[in-house]
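If you use our numbering, the sequence shown corresponds to residues 217 to 290, in order.
Cβ atoms here follow ideal geometry from the backbone N, Cα and C, with glycine treated the same way.
Worksheet for the structure shown next.
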Amino acid sequence: MMETEDHPLEAMQLTNDFITSMFRAIFSKVIEEHFGNGVVDELFDKLAKKLSKQPIDFEKCKKQMVYYIVLKRK
217 MMETEDHPLE AMQLTNDFIT SMFRAIFSKV IEEHFGNGVV DELFDKLAKK
267 LSKQPIDFEK CKKQMVYYIV LKRK
């Protein structure tokens with residue numbers, strides 16, 4: 217018997233603002249520790265401006281991932 221489950225993030229609309237926010241959440245602390253406090257805001261503001269000029273085509277970037285999970289009884 218095989219069941220399928222959708223990933224909760226699959227239904228989310230990807231936007232340039234969302235991508236910028238995700239990058240900021242992931243990398244801001246590392247950038248802050250390496251370059252100092254004043255750089256983070258400016259860097260991600262520039263990223264947002266670049267993405268607004270050249271948006272990412274998210275449909276081309278989507279990949280389907282399939283996970284197979286096998287459960288074994290003891």
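Determine the DSSP secondary structure at residue i, reduced to helix, strand or coil.
{"i": "Asn232", "result": "helix"}
{"i": "Arg289", "result": "coil"}
{"i": "Asp257", "result": "helix"}
{"i": "Glu248", "result": "helix"}
{"i": "Glu275", "result": "helix"}
Taking 8 Å as the limit between beta carbons, can you name the residues of its chain near residue i, skipping five residues before and five after?
{"i": "Ile247", "result": "Val255, Val256 and Leu259"}
{"i": "Leu263", "result": "Thr236 and Phe239"}
{"i": "Ser244", "result": "Val256 and Phe260"}
What does a CB cutoff of less than 6 Å around residue i pick up in its chain, not counting 5 residues either side in sequence?
{"i": "Ile272", "result": "none"}
Exercise. Flag this pair as touching only if the region 257 to 276 and the region 233 to 245 have three or more C-beta atom pairs under 8 Å; answer yes or no.
Key: With the cut-off at 8 Å, the region 257 to 276 and the region 233 to 245 touch.
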